[in-house]
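Report on the structure given below.
Residue numbers (the working numbering): -16 to 120.
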């Protein structure tokens, strides 16, 4: 079932059905800009263009480019300088929400935390250990 939302681009109301985050008019405008960007990038000399260069040469905004890369419409494998910002540090990445550096840091911190937790549990078990000795009859 559709819900009524404000279009973030133009402010008009539209029925949100889960397909687009913008109204139909702005969606058509985005598609036109996407076609322009794709035509620009298909030229051999523009395949290695940076996000800033694409924004300069087309009507696209950085947020549009980031959204298209995130959704997989523009493939970083074909256009190596495209990406979207890491949710943690802002460095460009092409997969997931975090860049490789932040992912490695997070994994390292998680391993350290798990090791500390295991160490604490081992100490607690050692303190709670019960020693039985032979009873005298």
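Note that beta-carbon positions come from the ideal geometry of N, C-alpha and C, so glycine has one too. These numbers were taken from a predicted model, which means no experiment stands behind them.
- Message: Could you tell me the alpha carbon to alpha carbon distance between residue 94 and residue 100, rounded to whole angstroms?
- Response: Taking the first residue of the chain shown as 1, we reach residue 94 at position 111. Taking the first residue of the chain shown as 1, we reach residue 100 at position 117. Rounded to the nearest angstrom, the two C-alpha atoms are 10 Å apart.
- Item | residue 27 - DSSP class collapsed to helix/strand/coil | Mapped onto the chain shown, residue 27 falls at position 44. Note: residue 27 maps to helix in three-state DSSP.
- Query: Just how far apart, CA to CA, sit residue 63 and residue 40?
  - Reply: Mapped onto the chain shown, residue 63 falls at position 80. Mapped onto the chain shown, residue 40 falls at position 57. Taken atom to atom, the span from the alpha-carbon of residue 63 to that of residue 40 is near 18 Å.
- residue 36 to residue 74, Cα distance in whole Å? In the chain shown, residue 36 corresponds to position 53, counting from 1. In the chain shown, residue 74 corresponds to position 91, counting from 1. Going from the Cα of residue 36 to the Cα of residue 74 covers about 17 Å.
- So is residue 13 buried or exposed if we call it buried at 16+ other beta carbons inside 10 Å? For this step, residue 13 is matched to residue 30 along the chain shown. Its Cβ being crowded by 16 or more others within 10 Å, residue 13 is buried.
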